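Residue numbers (our numbering), protein chains in the order written: chain P, 1157 to 1358; chain U, 1157 to 1358; chain B, 1157 to 1358; chain A, 1157 to 1358. Where is the CB? At the ideal position from N, CA and C, for every residue including glycine. What you are looking at is a predicted structure, and each value in this text was computed from that prediction instead of being measured.
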DNA sequence: CTCTAATCGAGACGGTACGTCGCGTCTTACG
DNA sequence: CGTAAGACGCGACGTACCGTCTCGATTAGAG
């Protein structure tokens, strides 16, 4: 995802309150919006993001093509809207992982969070938006990482963040794959913790 | 990248000989082909793959639009053609990394290889084709990994391959970034070796 | 203008009284209506009819878009409403011109009438609605002409009406043009009378 | 037709040779162009210009929608292309009418010309493009009139041109109407000559 | 040193998706 | 009831890029 692509919400401290309905004026608007988001999630499980057309989303949502643009400027914006809050949470949970102290606990919290929204995250990480999600995750993590005082490390900060995000991403994506039997959270957390180990060694 | 996307060369044992001239028929054809490849590499350094149009490539190559299709079925095929050989080599060098024995040596060989084709790999890993390259690298590595007797490990093979490829990919991409001063090969190899450590621990 | 285009009022004997308030129910309605008419007149002086959008009219009138449709089915209907009365009068004054007797007097009356509503007629004849006005004038004139006993003439009635209307229309439009200095009514009447001469010769 | 509308060819002395095919490169292009012109003429006989959509023209021509724009920038441009040459001729024949000498001969020539292209002119003058044609005819006539030394007249030049064009237009349109039996050229010429009489009187 | 066939430039074409605009209808809530 | 506010279905708009396709013109490499 290039520099000129619409970005996911820039704030990690995004209001998690369920009071996001800034303007619940018209019931129809809400219905259309819901339909679009549902349609998008349904499609993203089936094909990569760039192969999904706005027309498909609109058709799947039972909504007129032009109506899509009354809600989102592009399908990337819809992805943002769908994923922004979740991503914000995930990044907030991901950052402490970079710290040495209590990494295991942070990792477990992260896994538990993903598990609680398993369906959505399966769509996001294993569907066609995976690439965009990885990029976005990396971008937000980097933002956060530079703000926090980067602990002295044997690794460049940039590389450390990139590797952390990649390992987390790959592990979660693997976890959410239906190919193997269900893996308990504790095991995933353990695995991830172990994978991240060398990143924080002195 | 989905299942219906054109693939890079499917063989790892792809002939690495410099005798790739599949059709050395006409000198004109060879000239056009070279121009197209050069133009593509020039463009991919500047913008993401999906923003590059066939018309742009042709214009940059000083070649007529339709001529492009006399050489490649799509721009992805051109990417394949440009990257296939390199990718084949890289995978061949990447696979032994999965083995326990002599990982450090393998890692160094890998780094040295990339360093010897620094310009090309910079374009491939940091340009607009990065996503496609990562996917392709992963795919080929997986193919190879399942063929080789997978050493018993505390990690799922799938996850191990995914993490290895990701770490290698991120490290190389970071290495090729112009943001920081030149990093000597030995240091990169050391870093990579250390990052890969937990993947092969008992 | 085709057969399926909204028509100006079909009656020439349209009540010319200033008591057009078809629905003097609500004071607000009247205010909206006035605002719409004024806005329309203001716009038609500036650009052709087909380039004026309902949204523009509503905005210019300081009225909500949907409100427009509570008053008029389309912008053509508004044109009708604005022009119908005037057109009715004009046609009523135009018809006697077709007669041989006392044409000069009729022509003068016609000119005087237009002069008395100079601003409005300038908008109607020289603004973007000119084409529609010409068509409508012709249509109504023809209706009237066939009803009146058509005096025997060397000209086909259809052609005579068309030419009369055209000459009147062109002369008035020229008269109302700001390009040349003010022309006295008598001179215009004289010109028009002379132009119409051959239409009524034996 | 406003000031920002595509104009018909500005030259009256437009090359009347049948060698208009400036670039007969591709036979397909010529075929598409012919189909578009024919489709346009077919449609313009049935409905007003502004009700004809580009999509209709393309469909009628059996040509893809986008192909239309490879030939014309808008449907008005197609009208231009269809009518430009004819209009050029007509104006060239119309201008001498403004002269006093030999007006009758000029009028006859004009009528004969229209008669020779009766089908086309019927479409142009009585179809949906009538308004545009009138405007264009007027515009070109005015251009020509100001260039020629305007004979001293009791009429403003502007008004004289407007009235001449209107009378010619209405007469031709009436002549081409199927409502009445065929009228011989001589009679039309005579009528027109007589109608134009007062315009050139001293 | 031809001559024949591959390759090229030029560009029209059908096709699909894009994003915009204006229309007229509708819902909702207010006064 | 009339209004403001605005979402919605509809459908035309004009654009962009795709990949296919005729056309000659040229030019390389085989005879």
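List the residues that DSSP assigns as beta-bridge partners of residue 1204 of chain U. If you number the second chain from 1, residue 1204 of chain U lands on position 48. According to DSSP, residue 1204 of chain U bridges with U:1284.
Would you identify the three-state DSSP class for residue 1228 of chain P, choosing helix, strand or coil? Counted from its first residue, the first chain places residue 1228 of chain P at position 72. Coil at residue 1228 of chain P, not helix or strand.
Express the C-alpha separation of residue 1334 of chain A and residue 1252 of chain A in angstroms, rounding to a whole number. In the fourth chain, residue 1252 of chain A corresponds to position 96, counting from 1. In the fourth chain, residue 1334 of chain A corresponds to position 178, counting from 1. For residue 1252 of chain A and residue 1334 of chain A, the gap between their C-alpha atoms comes out near 28 Å.
Comparing C-alpha positions only, which one of A:1311, A:1239, A:1313 and A:1182 sits nearest to residue 1279 of chain A? Locating residue 1279 of chain A in the fourth chain gives position 123, where the first residue counts as 1. Checked all of A:1311, A:1239, A:1313 and A:1182; the closest Cα to residue 1279 of chain A is A:1239.
With a floor of 4 residues, list each alpha helix (DSSP H) that falls wholly inside the segment 1265–1344 of chain A, ordered by position along the chain. Scanning the segment 1265–1344 of chain A for uninterrupted alpha helix (DSSP H) segments of 4 residues or longer gives 1274–1282, 1286–1303 and 1313–1332, listed from N- to C-terminal end.
Which of helix, strand or coil does DSSP assign to residue 1355 of chain P? Working through the first chain from its first residue, we reach residue 1355 of chain P at position 199. Assignment of residue 1355 of chain P by DSSP, reduced to helix, strand and coil, places it in the helix class.
Just the C-alpha distance for residue 1201 of chain A and residue 1276 of chain A, rounded to the nearest angstrom, thanks. Counting from 1 along the fourth chain, the entry for residue 1201 of chain A is found at position 45. Counting from 1 along the fourth chain, the entry for residue 1276 of chain A is found at position 120. Roughly 10 Å between the two C-alpha positions.
Given a threshold of 16 other Cβ atoms within 10 Å of its Cβ, counted over all protein chains shown, does residue 1211 of chain A qualify as buried or as exposed? Sequence index remark: in the fourth chain, residue 1211 of chain A carries index 55 (1-based). Classified as exposed, residue 1211 of chain A has fewer than 16 neighbouring CB atoms from the shown chains inside 10 Å of its CB.
Residue-level contact to chain P via CB, residue 1311 of chain U, 8 Å cutoff: Indexing the second chain from 1 puts residue 1311 of chain U at position 155. Using beta-carbon distances, residue 1311 of chain U counts as an interface residue toward chain P, with a partner under 8 Å.
With 16 other CB atoms within 10 Å as the buried threshold, where does residue 1226 of chain U fall? The sequence position of residue 1226 of chain U within the second chain is 70, counting from 1. Residue 1226 of chain U is exposed by the Cβ-count criterion.
Any contact between the segment 1241–1251 of chain A and the segment 1208–1223 of chain A? By contact I mean 3 or more CB pairs, one from each, below 8 Å. At 8 Å Cβ cutoff, the stretches do not touch.
Under a CB-based cut-off of 8 Å, is residue 1350 of chain U close to chain P? Reading the second chain from its first residue, position 194 is the one you call residue 1350 of chain U. Proximity of residue 1350 of chain U to chain P, defined by a Cβ-Cβ separation below 8 Å, is satisfied.
Can you find the residues in the same chain that come closer than 7 Å, C-beta to C-beta, to residue 1179 of chain A, ignoring five residues on each side of it along the sequence? By 1-based counting over the fourth chain, the position of residue 1179 of chain A is 23. Caution is warranted here: a pLDDT of 47 is assigned to residue 1179 of chain A, below 50, making its placement in the model unreliable, and the coordinate value is therefore given only provisionally. Closer than 7 Å at Cβ, skipping near neighbours: no residue.
Note the first and the last residue of the continuous alpha helix (DSSP H) segment covering residue 1211 of chain A. Start at 1 with the first residue of the fourth chain, and residue 1211 of chain A comes out as number 55. From DSSP, the alpha helix (DSSP H) with residue 1211 of chain A extends over 1210–1217.
Sub-8 Å separation of residue 1263 of chain U and residue 1328 of chain U beta-carbons: As a first step, residue 1263 of chain U must be located in the second chain, where it is residue number 107. As a first step, residue 1328 of chain U must be located in the second chain, where it is residue number 172. The answer is no: Cβ separation not under 8 Å.
Could you name the residues of chain A that residue 1334 of chain B contacts, counting a contact when the two beta carbons are closer than 7 Å? Here residue 1334 of chain B corresponds to residue number 178 of the third chain, with the count starting at 1. The premise fails here: residue 1334 of chain B is roughly 12 Å from chain A at the closest Cβ pair, so nothing lies under 7 Å.
Which one of U:1197, U:1314 and U:1324 has the shortest CA to CA distance from residue 1290 of chain U? The residue you call residue 1290 of chain U lines up with position 134 of the second chain. Of the listed residues, the one whose Cα sits closest to residue 1290 of chain U is U:1324.
Is it buried or exposed, residue 1326 of chain U, if we count other Cβ atoms within 10 angstroms and call 16 or more buried? In the second chain, the residue the question calls residue 1326 of chain U occupies position 170. Residue 1326 of chain U comes out buried.
When burial is assigned at 16 or more other CB atoms within 10 Å of the CB, is residue 1338 of chain U buried or exposed? The residue you call residue 1338 of chain U lines up with position 182 of the second chain. When all chains shown are included, residue 1338 of chain U counts as exposed.
Can you check whether the CB of residue 1355 of chain P is closer than 8 Å to the CB of residue 1316 of chain P? Position 160 of the first chain holds residue 1316 of chain P. Position 199 of the first chain holds residue 1355 of chain P. Contact: yes.
Counting contacts by CB-CB distance shorter than 8 Å, is residue 1258 of chain P in contact with chain U? As a position in the first chain, residue 1258 of chain P is number 102, starting the count at 1. Not an interface residue.
Which of helix, strand or coil does DSSP assign to residue 1182 of chain P? Here the question's residue 1182 of chain P lines up with position 26 in the first chain. Residue 1182 of chain P falls in the coil class under three-state DSSP.
Please report the Cβ distance between residue 1195 of chain A and residue 1217 of chain A, rounded to the nearest whole angstrom; I am assuming they are in contact, meaning their Cβ atoms lie under 8 Å. Mapped onto the fourth chain, residue 1195 of chain A falls at position 39. Mapped onto the fourth chain, residue 1217 of chain A falls at position 61. Indeed they touch by this definition, with Cβ atoms about 4 Å apart.
For residue 1303 of chain P, count the other beta carbons within 10 Å of its own beta carbon; 16 or more makes it buried, fewer makes it exposed. Which is it? Locating residue 1303 of chain P in the first chain gives position 147, counting from the first residue. By the neighbour-count criterion, in which a residue is buried when 16 or more other Cβ atoms sit within 10 angstroms of its Cβ, residue 1303 of chain P is exposed.
Hey, out of P:1320, P:1322, P:1232 and P:1347, whose CA is closest to residue 1193 of chain P's CA? The residue you call residue 1193 of chain P lines up with position 37 of the first chain. P:1232 is the residue among P:1320, P:1322, P:1232 and P:1347 whose C-alpha sits nearest the C-alpha of residue 1193 of chain P.
Under 9 Å from the C-beta of residue 1330 of chain B: neighbouring residues of chain A: In the third chain, the residue the question calls residue 1330 of chain B occupies position 174. Per Cβ cutoff of 9 Å: 1312, 1314, 1315, 1318 and 1319.
With a threshold of 8 Å between beta-carbons, can residue 1354 of chain A be considered close to chain B, or not? Counting from 1 along the fourth chain, the entry for residue 1354 of chain A is found at position 198. Taking 8 Å as the CB threshold, residue 1354 of chain A lines the interface with chain B.
Reduced DSSP secondary structure (H/G/I, E/B, other) of residue 1346 of chain P: The count along the first chain starts at 1 and reaches residue 1346 of chain P at position 190. Three-state result, residue 1346 of chain P: helix.
Where residue 1257 of chain P sits in the DSSP three-state scheme: Locating residue 1257 of chain P in the first chain gives position 101, where the first residue counts as 1. Of the three classes helix, strand and coil, the one that applies to residue 1257 of chain P here is coil, per DSSP.
Could you check whether the Cβ of residue 1287 of chain A sits closer than 8 Å to any Cβ belonging to chain B? As a first step, residue 1287 of chain A is located in the fourth chain; it is residue number 131 there, counting from the start. Put simply, the CB of residue 1287 of chain A is near chain B, with a gap under 8 Å to one of its CB atoms.
If we ignore side chains and look at the alpha-carbon of each, how far apart do residue 1308 of chain U and residue 1213 of chain P end up? Indexing the second chain from 1 puts residue 1308 of chain U at position 152. Indexing the first chain from 1 puts residue 1213 of chain P at position 57. Going from the Cα of residue 1308 of chain U to the Cα of residue 1213 of chain P covers about 45 Å.
Could you tell me the distance, in whole angstroms, from the CA atom of residue 1318 of chain B to the CA atom of residue 1336 of chain A? For the purposes of this step, residue 1318 of chain B is identified with residue 162 of the third chain, where counting begins at 1. For the purposes of this step, residue 1336 of chain A is identified with residue 180 of the fourth chain, where counting begins at 1. Roughly 15 Å between the two C-alpha positions.
Tell me, to the nearest whole angstrom, how far the beta carbon of residue 1288 of chain A is from that of residue 1205 of chain A; I am working on the premise that it is less than 8 Å. Walking along the fourth chain from the start, residue 1288 of chain A turns up at place 132. Walking along the fourth chain from the start, residue 1205 of chain A turns up at place 49. About 6 Å separates the beta carbon of residue 1288 of chain A from that of residue 1205 of chain A, a gap short enough to meet the 8 Å contact definition.
Please decide whether residue 1347 of chain A counts as near chain B, where near means a Cβ-Cβ distance under 8 Å. For the purposes of this step, residue 1347 of chain A is taken as the residue at position 191 of the fourth chain. The beta carbon of residue 1347 of chain A falls within 8 Å of a beta carbon belonging to chain B, placing the residue at that interface.
Assuming contact is defined by CB atoms lying nearer than 8 Å, are residue 1197 of chain A and residue 1208 of chain A in contact in what I supplied? Looking up residue 1197 of chain A in the fourth chain gives position 41. Looking up residue 1208 of chain A in the fourth chain gives position 52. The answer is no: Cβ separation not under 8 Å.
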